[in-house]
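Here is the structure we will look at.
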Amino acid sequence: MKKKAVIIGGGPAGLTAAHELLATTDIHPVVFEKGEMFGGIARTENYKGNRIDIGGHRFFSKSDRVMDFWRAFLPVQGYPAQDEIKLGVKKREEFVSDGPDPEKTNNVMLIRSRLSRIFYLRKFFDYPVTLSKNTLLNLGIVRVARIGFSYIKIRLFPRKEENSLEDFFINRFGVELYKTFFKDYTEKVWGIPCTKIKAEWGAQRIKGLSVTKTVLHALRSVLPKRKSIEQKDTETSLIETFLYPKLGPGQMWESVAQSIIESGGETILNSEIVRIKLQGKKVVSVTVKDRGSGKEESVPADYIFSTMPIKELITSMEGSVPERVHTLAKGLEYRDFMTAGLLLNKLKIKNETNIKTVGNIIPDNWIYIQEPDVKVGRLQFFNNWSPYLVSNANKVWIGMEYFASEGDKLWSMSDEAFLEFAKEELAKIGISDESDVVDGVVIRAPKAYPSYTGEGYDHFSEIRDFCDSIENLYLIGRNGMHKYNNQDHSMLSAFEAVRHIRENLKTKENIWNVNAEKEYHEEKSS
Ligand SMILES: Cc1cc2nc3c(=O)[nH]c(=O)nc-3n(C[C@H](O)[C@H](O)[C@H](O)COP(=O)(O)OP(=O)(O)OC[C@H]3O[C@@H](n4cnc5c(N)ncnc54)[C@H](O)[C@@H]3O)c2cc1C
Numbered sequence: 443m444k445k446k447a448v449i450i451g452g453g454p455a456g457l458t459a460a461h462e463l464l465a466t467t468d469i470h471p472v473v474f475e476k477g478e479m480f481g482g483i484a485r486t487e488n489y490k491g492n493r494i495d496i497g498g499h500r501f502f503s504k505s506d507r508v509m510d511f512w513r514a515f516l517p518v519q520g521y522p523a524q525d526e527i528k529l530g531v532k533k534r535e536e537f538v539s540d541g542p543d544p545e546k547t548n549n550v551m552l553i554r555s556r557l558s559r560i561f562y563l564r565k566f567f568d569y570p571v572t573l574s575k576n577t578l579l580n581l582g583i584v585r586v587a588r589i590g591f592s593y594i595k596i597r598l599f600p601r602k603e604e605n606s607l608e609d610f611f612i613n614r615f616g617v618e619l620y621k622t623f624f625k626d627y628t629e630k631v632w633g634i635p636c637t638k639i640k641a642e643w644g645a646q647r648i649k650g651l652s653v654t655k656t657v658l659h660a661l662r663s664v665l666p667k668r669k670s671i672e673q674k675d676t677e678t679s680l681i682e683t684f685l686y687p688k689l690g691p692g693q694m695w696e697s698v699a700q701s702i703i704e705s706g707g708e709t710i711l712n713s714e715i716v717r718i719k720l721q722g723k724k725v726v727s728v729t730v731k732d733r734g735s736g737k738e739e740s741v742p743a744d745y746i747f748s749t750m751p752i753k754e755l756i757t758s759m760e761g762s763v764p765e766r767v768h769t770l771a772k773g774l775e776y777r778d779f780m781t782a783g784l785l786l787n788k789l790k791i792k793n794e795t796n797i798k799t800v801g802n803i804i805p806d807n808w809i810y811i812q813e814p815d816v817k818v819g820r821l822q823f824f825n826n827w828s829p830y831l832v833s834n835a836n837k838v839w840i841g842m843e844y845f846a847s848e849g850d851k852l853w854s855m856s857d858e859a860f861l862e863f864a865k866e867e868l869a870k871i872g873i874s875d876e877s878d879v880v881d882g883v884v885i886r887a888p889k890a891y892p893s894y895t896g897e898g899y900d901h902f903s904e905i906r907d908f909c910d911s912i913e914n915l916y917l918i919g920r921n922g923m924h925k926y927n928n929q930d931h932s933m934l935s936a937f938e939a940v941r942h943i944r945e946n947l948k949t950k951e952n953i954w955n956v957n958a959e960k961e962y963h964e965e966k967s968s
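The sequence shown begins at 443 in my numbering and counts up one residue at a time.
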């Protein structure tokens, strides 16, 4: 009898774990996914042939292993995509010589150039902010002088302790630049003041970004561009080219799920893990609920890989969970995410860049909406991610993204009311007229962001120690580890968990080391 691993969740982490178990061990993986499709947050929703990528997923990684994994499933294009053909592009240096033709097959990754700008004062600013003529003109001389002085001041007298995200930003950018470009947007994302957010979030998310690096990057950008898609030396926020599955990120994960079945594993949709039974320091079984029939079944397991939110994992455990761990886990916080997908006849805002696009729409993949008079946080322009996400090339397919908290006013709006609200905001900031919106859909993504706030997070090590002490339980992925992990980190944590079993490692430290800067250095040097 083969040993069995129950994998909770069919997102990037869970599917990678199943794939890795099949590739490198004798353990039989069974993936239970509570939703109707694979991919988790990185799934692709399909509305009448128009595809939505929740949040916009760039495929890039400093890890060769991850890049190779992705390319093995969906090889990189060798011929131009639909929009490139329309713009007269025959060949790009980055095309792979024997790569597939996106016009002939769906199994292909496109190489996309990233553009994302900040929309503030009803004007566009570079993202990350550069010291360009455009920035200076848009801000005006008075504001620029204030920014310069406050930056010099903070370099001379930095805040000694970085206790909050506000301290983190101010020490790197100065008070004025922080107030202009970081404060409002970050507070929209988290729904709380930056003074209440831990500096650690900045350290992870923004890593080595600073004014000096921004200036250097601006200088470097006038030099010829590097053509490698790995971009190992580039800060995450500055990545300028990325890979993208022709039909959105979910296509990658549907392909991985299919390969798991072909290799003898199991993947089961609409199946929610509702209880986890512990005996001493081991999980012995889980209870799976069929979301269609409501029927429950107990499934024994030798190993458990969990990508479900830790809060729900702990509260569904039956057995000896310390009261303190239970209380702390209940106190873990999250931020939720809503997208209004809107199909437009046209945009009102004009493309004033020198970048050519089909229909001459603005060339951004997404824009950050820094305007304080609207709630929308970001706008996605799906046409620019992949022309194949849009069913009618003459229309513009956008996603208006909102940060919310389950149960708050925004989250509780009916779909109709939310779409109306989104349309009004779109018109208010001058992106498109309401009369040009022809259709729309609402997608809600609960717990999209594990939050680095609250009592539960302050004492997270206690929750982690308890989970790590359960011998056959592996926490992996984003909500699975309550860590701001991207797809590549989520996958690397799955690789590491399987390695832990394979090599019979003593501690689970190797899994938690993923997405700590140290890991990257090790990877780079190796
Ligand atoms: C707005 C936004 C933008 C992003 N942009 C990028 C990007 O550009 N590039 C990038 O690489 N990453 C990006 N990410 C991160 C990426 O989405 C995550 O790293 C990745 O989806 C995490 O994978 P996961 O498998 O850990 O979790 P998830 O994707 O959350 O998958 C977990 C799965 O578990 C299922 N599940 C939960 N509870 C249960 C249960 N009890 N029983 C059964 N199933 C359950 C869920 O339904 C879900 O499908 C972004 C994320 C967000 C929110």
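By construction, the Cβ of each residue, glycine as well, lies at the ideal position given by its N, Cα and C atoms.
Asked, Found
"Between residue 805 and residue 826, which are expected to be in contact by the criterion C-beta below 8 Å, what is the C-beta distance as a whole number of angstroms?", "6 Å"
"Mind listing, in chain order, the continuous alpha helix (DSSP H) runs of no fewer than 4 residues lying wholly within the stretch 512-546?", "524-528"
"With respect to the beta strand (DSSP E) encompassing residue 720, which residues constitute its N-terminal and C-terminal limits?", "713-721"
"CB of residue 928 to nearest heavy atom of ligand 1: below 8 Å?", "yes"
"Are there 16 or more other CB atoms within 10 angstroms of the CB of residue 964, so buried, or fewer, so exposed?", "Because residue 964 carries a pLDDT of 37, less than 50, the predicted location of this residue cannot be relied on, and no value is offered for it."
"Determine whether the beta carbon atoms of residue 845 and residue 633 lie at a separation below 9 Å.", "yes"
"To which residues of the same chain is residue 899 closer than 6 Å at the C-beta, ignoring the five residues directly before and after it?", "none"
"What is the DSSP secondary structure of residue 960, reduced to helix, strand or coil?", "Note on residue 960: pLDDT 47, under 50, position unreliable in the model; no value is reported."
"For residue 690, which of helix, strand or coil comes out of DSSP?", "coil"
"I need the boundaries of the beta strand (DSSP E) containing residue 568, first residue and last residue.", "565-568"
"Using only alpha-carbon positions, find the residue among 814, 878, 553 that is nearest to residue 789.", "878"
"May I ask you to report which of helix, strand or coil DSSP gives residue 933?", "helix"
"What whole-angstrom Cβ distance do residue 686 and residue 501 have, given they're in contact under 8 Å?", "6 Å"
"Helix, strand or coil for residue 558, going by three-state DSSP, please let me know.", "strand"
"Taking just the CA atoms, how far does residue 638 sit from residue 723?", "36 Å"
"Please report the residue range of the alpha helix (DSSP H) in which residue 770 lies.", "765-772"
"Report back the beta-carbon spacing between residue 476 and residue 800 to the nearest angstrom; my notes put them in contact at under 8 Å.", "Their Cβ separation, rounded to whole angstroms, is 38 Å, which puts residue 476 and residue 800 out of contact at 8 Å."
"So what's residue 470 in DSSP terms, helix, strand or just coil?", "strand"
"Just mark residue 699 as buried or exposed, buried being the case when its beta carbon has 16 or more other beta carbons within 10 Å.", "buried"
"Taking the alpha-carbon positions, what's the residue 470 to residue 709 distance?", "11 Å"
"Mind checking who residue 917 pairs with in its DSSP beta bridge?", "748"
"Which residues in the same chain have their Cβ closer than 8 Å to the Cβ of residue 814, if we skip the five residues on either side of it in sequence?", "626"
"Give every residue of the same chain whose Cβ lies closer than 8 Å to the Cβ of residue 571, excluding the five residues on either side of it in the sequence, and list them in chain order.", "560, 577, 619, 623, 656"
"Roughly how many angstroms separate the alpha carbons of residue 828 and residue 562, rounded to a whole number?", "26 Å"
"Verify whether the separation of the beta carbon atoms of residue 923 and residue 953 is less than 9 Å.", "yes"
"Can you tell me whether DSSP reads residue 635 as helix, strand or coil?", "coil"
"In chain order, what residues of the same chain lie with their CB nearer than 6 Å to the CB of residue 518, ignoring the 5 residues before and after it?", "538, 541, 551"
"Using the Cα positions of residue 530 and residue 834, report the straight-line distance between them to the nearest angstrom.", "20 Å"
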